[in-house]
Amino acid sequence: MVHSMTAFARAELAGAHGTLGWEIRSVNHRYLEPHLRLPDTFRDLEAPVREMLRKGLSRGKVECTLHFTEAAGSRALQVNHEHARQVIGAAESLAELIGQPAPLNPLEVLGWPGVLVASSTDRQALNQTALELFQMSLDELKEGREREGMELAKVIDERLATALEQVTALREILPDMLEAQRQKIHDRCAELQVALDPLRLEQEITLLAQKSDVAEELDRLTTHVAEVGRVLRSDGATGRRLDFLMQELNREANTLGSKAFDTRSTQAAINLKVLIEQMREQVQNIE
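Heads up: the sequence shown runs through residues 1 to 287, numbered per full-length UniProt numbering.
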């Protein structure tokens, strides 16, 4: 089953520490290219988030943004007593050099960097919650990519059916096209009042049939159409394989057009190229 590379997912969770929110946007790209926007206090999550993306997705430019709104009074603060002792000791040492030092204010000590610290247990729990919420967002994104992939597959299937109809119709009218060319030569000779050697006519028709023989192209087009249908229903990343098949289909359609000797075969080649281009545009969005 094919998956699109275009999707959006959002998940939000409110807790005692505040509100966490993830937004994930993905668009088509040749490879997997993650872009992370994380608050400074959540930088430790970058490596595990990238690993989760690597395991969950194969291709696409993916933008992941984490929002965190801290709840008022939620931060559990602890005093780093060892660091506080060092600050006090330094202050007392400096006080000896001053004649009449002012009394040491405990609030000033608390304001010194590193004396008050957030609970490491709370930070670890918050990081874990953020990762679990990211997994939920990623699952939602994958579901969205799958739904859109199913719609893309329907569109491509419709174009495949139409392309196969074009190939089948052209195969059926090839004998009529050769007969029409024979009659055209007859009519032209009659108009010019030129005697035509029947043997020479057959030789010319045979030569024309050889030059305009498109049986191999029609066979390959039929085979490629069937292969595209098979790949659409296979598991895993299929975008690159489908893109290659679009190139092969286009190659055969070009050859078909170059061998055309009748307006009907020319029109069939044009119709096929239009259908292939429409499919190729959809394939660009498939993972």
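By construction, the Cβ of each residue, glycine as well, lies at the ideal position given by its N, Cα and C atoms.
Quiz item: Is the region 17-31 in contact with the region 92-105, if contact means three or more CB pairs nearer than 8 Å?
Solution: In this structure the region 17-31 does not lie against the region 92-105, because fewer than three pairs of beta carbons, one per stretch, are closer than 8 Å.
Exercise. What's the call for SER93, buried or exposed, on a 16-neighbour Cβ count within 10 Å?
Worked result: Burial call: exposed.
**OP:** Keeping to the same chain, check which residues put their C-beta closer than 7 Å to that of PRO39; ignore five residues upstream and five downstream.
**Re:** Only LEU66 and PHE68 meet the Cβ criterion.
Straight-line Cα distance separating VAL79 from LEU107: Looking at the backbone, the Cα of LEU107 and that of VAL79 are separated by about 12 Å.
* Buried or exposed: which applies to THR121, given that a residue is buried once 16 or more other Cβ atoms fall within 10 Å of its Cβ? -> Note that THR121 scores a pLDDT of 48, beneath 50, so its modelled location is shaky; the value from the coordinates is reported in the next line. Counting Cβ neighbours within 10 Å, THR121 comes out exposed, since fewer than 16 surround it.
Whole-angstrom Cβ separation of LEU45 and LEU131, contact assumed at under 8 Å?
Right, the Cβ-Cβ distance comes to about 6 Å (below 8 Å), so this counts as a contact.
message: Going by DSSP in three states, ILE98 sits in which element: helix, strand or coil?
response: ILE98: coil per DSSP, three-state reduction.
| What three-state label does DSSP hand GLY149 in the structure shown? | Correct three-state label for GLY149: helix.
> Can you check whether the CB of ARG159 is closer than 8 Å to the CB of MET279?
Replying inline: For MET279 and ARG159, yes; Cβs fall inside 8 Å.
Give me whichever residues DSSP pairs with VAL27 in a beta bridge. Beta-bridge analysis with DSSP links VAL27 to LYS61.
Pick helix, strand or coil for HIS35, following the three-state DSSP scheme. If DSSP states are grouped into helix, strand and coil, HIS35 belongs with the strands.
Exercise. Leaving out five residues on either side along the sequence, give the residues of the same chain with a beta carbon under 6 Å from the beta carbon of ARG25.
Key: Within the same chain, Cβ atoms closer than 6 Å to the Cβ of ARG25 are found at PHE8 and GLU63, the five residues on either side in sequence being excluded.
What does the alpha-carbon distance come out to for the pair VAL231 and GLY114? Distance between the alpha carbons of VAL231 and GLY114: 59 Å.
**Request:** Measure the C-alpha to C-alpha separation of THR255 and LEU218 and round it to an integer number of angstroms.
**Result:** A direct Cα-to-Cα measurement between THR255 and LEU218 gives close to 10 Å.
Check whether the Cβ atoms of residue 293 and ALA253 sit closer than 8 Å, and answer yes or no. This structure leaves residue 293 out entirely; the chain is present only between 1 and 287.
Where THR162 and LEU53 are concerned, what is the direct C-alpha to C-alpha distance, given to the nearest angstrom? Each residue's Cα considered, the two are about 37 Å apart.
Please report the Cβ distance between VAL274 and LEU242, rounded to the nearest whole angstrom; I am assuming they are in contact, meaning their Cβ atoms lie under 8 Å.
That pair is no contact at about 18 Å.
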